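The numbering of the sequence shown is our numbering, which starts it at 50 and goes up by one.
Where a beta carbon is used, it is the ideal one built from N, C-alpha and C, also for glycine.
What you are looking at is a predicted structure, and each value in this text was computed from that prediction instead of being measured.
So the structure is just underneath, and the comments pick up after that.
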Amino acid sequence: MADTNPLNNCRLAFIGCGVMAEAIIAGLLRRKLVAPEHISGSHPRQARREEMHVKYGVEMFESNREAVTAAQPEEPNDSSVIVLAVKPQRLHGVLEELKGALVKEQLVVSIVAGAKIETIAEQLLHASVVRTMPNTPAQIGEGVTAWTASSEVTEKQESQVCALLEALGKTVRVENERQIDMATALSATGPTYIFLVMEALIDAGVHMGFSRHVAQDLVHQMMLGAVLFARESHKHPAELRNMVTSPGGTSAEAIYQMEKGSLRTVLSKAVWAAYQRAESLGKI
Ligand SMILES: NC(=O)c1ccc[n+]([C@@H]2O[C@H](COP(=O)([O-])OP(=O)(O)OC[C@H]3O[C@@H](n4cnc5c(N)ncnc54)[C@H](OP(=O)(O)O)[C@@H]3O)[C@@H](O)[C@H]2O)c1
50 MADTNPLNNC RLAFIGCGVM AEAIIAGLLR RKLVAPEHIS GSHPRQARRE
100 EMHVKYGVEM FESNREAVTA AQPEEPNDSS VIVLAVKPQR LHGVLEELKG
150 ALVKEQLVVS IVAGAKIETI AEQLLHASVV RTMPNTPAQI GEGVTAWTAS
200 SEVTEKQESQ VCALLEALGK TVRVENERQI DMATALSATG PTYIFLVMEA
250 LIDAGVHMGF SRHVAQDLVH QMMLGAVLFA RESHKHPAEL RNMVTSPGGT
300 SAEAIYQMEK GSLRTVLSKA VWAAYQRAES LGKI
């Protein structure tokens, strides 16, 4: 493996090997950033432990503590990352179990929605913590993950976090946890807004008389193409829209109806409401 790989000599432990942990493990192995023998994982169900071991060759434990211990650095140059990937309601019990099990050099990366860095650090008695907010397209490596780190996290660990999260798609480092709540409302909750728009457009196609699968094919590719075009052209969305809005044409007619129905305001209000909800859930 190349020396430029920040995960060289890094041992990883995944606490809770569900959908997201598997997406990261599969991505790391596919890109040969980590060898399977440097990865350990934990899961309460034996069938899932066997499945992960057979599929990826990683060592699996029933005990979360043992998975962490297996990932401890052995040589002075080794590093170690512990990924917390359980559902939010399981986190408290997991942190209780792991309290005092980590050595100072280990980095904790949490992908658990809503869990604050301070809470994790206090319960684990451990200072180096990174909090992330992925989204569902991460499951196919096309996600975007916002992340932020406690002040104790080193530069080397930060580059390890980037390499790790790139297994899920793109990464964006944000300044603080308030911005994690903002990313929760925009990019993490975002796919649900798009799915709703997608569904409405498919239904509109069916309303005009298309069969559902034709409407679905047209809408899927149209949305994908529009996003790629916007990204590659580097043009403001309004400019792209104006380019196809001829006087008295179909776009002008449709946009008039969308503005009349306050689509822009509804979206803005939805994102703001999700942000406030993320903030209040974080306080519980
Ligand atoms: N999925 C996404 O797209 C997404 C997006 C953003 C954030 N996240 C966050 O990512 C985290 C993981 O999500 P996920 O979708 O991967 O969930 P998941 O598939 O449910 O994975 C969590 C796994 O942890 C296992 N588990 C339960 N109790 C445990 C314990 N005490 N110790 C160790 N493992 C335990 C669960 O087993 P059982 O199934 O047997 O209960 C499950 O397989 C969540 O906190 C979520 O908020 C996910």
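In whole angstroms, what separates the C-alpha of residue i from that of residue j?
i: Ala170; j: Ala279; result: 41 Å
i: Leu78; j: Gly331; result: 33 Å
i: Arg60; j: Gln209; result: 11 Å
i: Pro296; j: Glu302; result: 9 Å
i: Ile229; j: Gly258; result: 43 Å
i: Glu308; j: Ala322; result: 20 Å
i: His87; j: Ile243; result: 38 Å
i: Ser200; j: His175; result: 12 Å
i: Ala275; j: Gly310; result: 22 Å
i: Leu82; j: Val132; result: 16 Å
i: Pro125; j: His141; result: 32 Å
i: Ser89; j: Thr314; result: 47 Å
i: Ala62; j: Thr241; result: 30 Å
i: Gly67; j: Gln325; result: 28 Å
i: Glu100; j: Glu204; result: 35 Å
i: Gln270; j: His102; result: 37 Å
i: Arg261; j: Ala319; result: 28 Å
i: Tyr305; j: Arg290; result: 13 Å
i: Glu167; j: Leu56; result: 26 Å
Which term fits residue i, buried or exposed, when burial requires 16 or more other beta carbons within 10 angstroms of its beta carbon?
i: Cys211; result: exposed
i: Trp196; result: buried
i: Arg98; result: buried
i: His283; result: exposed
i: Leu245; result: exposed
i: Leu312; result: exposed
i: Glu288; result: exposed
i: Gly163; result: buried
i: Thr238; result: buried
i: His285; result: exposed
i: Ala198; result: buried
i: Leu316; result: exposed
In its own chain, which residues sit with a C-beta less than 7 Å from the C-beta of residue i, not counting the 5 before and 5 after it?
i: Val193; result: Asn184, Gly218, Lys219, Val221, Ser236
i: Met247; result: Val268, Met272
i: Met292; result: none
Grab me the residues of residue i's own chain with a C-beta within less than 8 Å of its C-beta, minus the 5 sequence neighbours each way, in chain order.
i: Gln95; result: Glu111
i: Gly190; result: Ala72, Gly76, Ala216, Leu217, Gly218
i: Val338; result: With the chain represented from 50 up to 333, any question about residue 338 goes unanswered, as that position is not in the structure.
i: Pro93; result: Glu111
i: Pro85; result: Leu78, Tyr105, Gly106, Val107
i: Leu143; result: A small correction: the amino acid at residue 143 is Val; Leu does not occupy that position in the sequence shown. For Val143, where only same-chain residues beyond five positions count, the Cβ hits under 8 Å are Ile64, Gly65, Asn113, Leu133, Val135.
i: Glu224; result: Thr197
For residue i, collect the residues of the same chain with a Cβ closer than 6 Å to its Cβ; drop the 5 residues on either side in sequence, then sort them by chain order.
i: Ala150; result: Arg114, Val117
i: Gln265; result: Ile251
i: Gly65; result: Ala134, Val135
i: Pro186; result: Gly192
i: Ala70; result: Phe63, Ala134
i: Ser91; result: Ile64, Phe110, Asn113, Ala116
i: Ser300; result: Val293, Thr294
Kindly give me the distance between the Cβ atoms of residue i and residue j, rounded to whole angstroms, as I take these residues to be in contact under 8 Å.
i: Ser159; j: Val178; result: 7 Å
i: Arg180; j: Glu226; result: 6 Å
i: Leu156; j: Gln206; result: 5 Å
i: Val161; j: Pro122; result: Incorrect: roughly 24 Å between the Cβ atoms, too far for contact.
i: Asn54; j: Asp127; result: That belief does not hold up - the Cβ atoms of Asn54 and Asp127 are roughly 14 Å apart, past 8 Å.
Comparing the C-beta of residue i with each C-beta of chain D, is any distance below 7 Å?
i: Ile169; result: This model lacks chain D altogether, as it is built from one protein chain only.
Examine the Cβ distances between the stretch 316-331 and the stretch 221-233 and report whether three or more of them are shorter than 8 Å.
yes
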